[in-house]
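Residue numbers (this note's numbering), protein chains in the order written: chain A, 340 to 554; chain B, 2 to 11.
The block underneath contains the structure these notes are about, expressed in structure tokens.
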């Protein structure tokens, strides 16, 4: 495993853990889109179906379990925890995320590395991950609430995307037969959408700057 | 190999 991949995994892991820890500590999820978090939970659940069928390394297995556990915990907090769910911007978080799922599923049925259940689910998870940030983007534009979407979360997600792209470039040039078009293209789309998210974040941050008091 | 390669990334 190269350094880019490892750093990509770590920043991805920290982005999820920082969010979970924040929700757990301040008992608030204001500014966080439940729709996006639910999509991420579906992404992990469908991608890691191979947990029980293919063993790659202890590292991979542990990471998969941690990603699954932490993203499901975030969803649980936002839906079930009596204090946290009160802070949820339900009326603003109106993106109809179910409409993202069906097109991704159809695309996965049409474009996959092999037409098997596991491979279709894997492709589905990649397509869904690419667009999962959309509800969060819409919520951010609506509420301009950047209190909880701290610089850390934005920075970590951005670092994760960048490191993974560097990892793909590195592997392409150092390994024989390392070609994953589906992963690359959906990863690129995801990074572009993330760039949008990044842009709005800083835009909101700049505009709210004067109103914010030191914490 | 080729089709249905083992996915070793997360």
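Cβ atoms here follow ideal geometry from the backbone N, Cα and C, with glycine treated the same way.
As the structure is a computational prediction, the values presented were derived from the model and not from experiment.
inquiry  = Going by DSSP, what residue range makes up the alpha helix (DSSP H) through residue 466 of chain A?
reply    = Residue 466 of chain A -> alpha helix (DSSP H) spans 456 to 470.
ask   = The alpha helix (DSSP H) with residue 440 of chain A in it runs from where to where?
value = Under the DSSP assignment, residue 440 of chain A falls in the alpha helix (DSSP H) whose first and last residues are 437 to 449.
query = Are the C-beta atoms of residue 437 of chain A and some chain B residue less than 9 Å apart?
reply = For residue 437 of chain A, the answer is no, since every Cβ of chain B falls outside 9 Å of its Cβ.
key: Inter-residue spacing [alpha-carbon to alpha-carbon] between residue 413 of chain A and residue 400 of chain A   = Each residue's alpha carbon lies about 20 Å from the other.
request  = Please report how far the alpha carbon of residue 477 of chain A lies from the alpha carbon of residue 345 of chain A, in whole angstroms.
outcome  = Distance between the alpha carbons of residue 477 of chain A and residue 345 of chain A is about 31 Å.
request  = Answer with yes or no whether the minimum CB distance from residue 513 of chain A to chain B is below 9 Å.
outcome  = Contact with chain B is absent for residue 513 of chain A, since none of that chain's Cβ atoms lies less than 9 Å from the residue's Cβ.
task = Since I believe residue 503 of chain A is in contact with residue 526 of chain A (beta carbons under 8 Å), could you give me their beta-carbon distance rounded to a whole number of angstroms?
result = A Cβ-Cβ distance of about 6 Å is found for the pair residue 526 of chain A and residue 503 of chain A, placing them in contact under the 8 Å criterion.
inquiry  = Beta-carbon within less than 7 Å of residue 355 of chain A's beta-carbon, same chain only, minus the 5 sequence neighbours each way: which residues are those?
reply    = Sequence-distant partners of residue 355 of chain A (beyond 5 residues in either direction) whose C-beta falls short of 7 Å from its own C-beta, in its chain, are 406, 409 and 410.
request  = Mind listing the chain B neighbours of residue 399 of chain A? Cutoff is C-beta to C-beta under 8 Å, in chain order.
outcome  = Residues of chain B passing the Cβ test: 9 and 11.
task = Report all residues from its chain with a CB closer than 8 Å to the CB of residue 359 of chain A; omit the five preceding and five following residues, and keep chain order.
result = 409, 412, 413 and 416.
inquiry  = Restricting to runs no shorter than 4 residues, where is the alpha helix (DSSP H) found entirely within the segment 361 to 437 of chain A?
reply    = For the segment 361 to 437 of chain A, whole alpha helix (DSSP H) runs of length 4 or above, ordered along the chain, are 373 to 386 and 397 to 419.
ask   = Tell me which same chain residues have a C-beta within less than 8 Å of the C-beta of residue 521 of chain A, skipping the five on either side of it?
value = Listed in chain order, the non-local C-beta contacts of residue 521 of chain A below 8 Å within the same chain comprise 450, 451, 452, 462 and 465, local neighbours out to five positions each way being set aside.
Assigned exposure category for residue 442 of chain A - 16 Cβ within 10 Å defines buried = Result: exposed.
query = DSSP on residue 8 of chain B, reduced to helix/strand/coil?
reply = Residue 8 of chain B: coil per DSSP, three-state reduction.
ask   = Given that a residue counts as buried once 16 or more other Cβ atoms are within 10 Å of its Cβ, and exposed if not, what is residue 342 of chain A?
value = Exposed, since its Cβ has fewer than 16 Cβ neighbours within 10 Å.
task = Please report how far the alpha carbon of residue 10 of chain B lies from the alpha carbon of residue 480 of chain A, in whole angstroms.
result = C-alpha separation (whole angstroms): 32 Å.
ask   = By a C-beta neighbour count over all protein chains shown, 10 Å radius and 16 as the cutoff for buried, is residue 396 of chain A buried or exposed?
value = With fewer than 16 other beta carbons inside 10 angstroms of its own, residue 396 of chain A counts as exposed.
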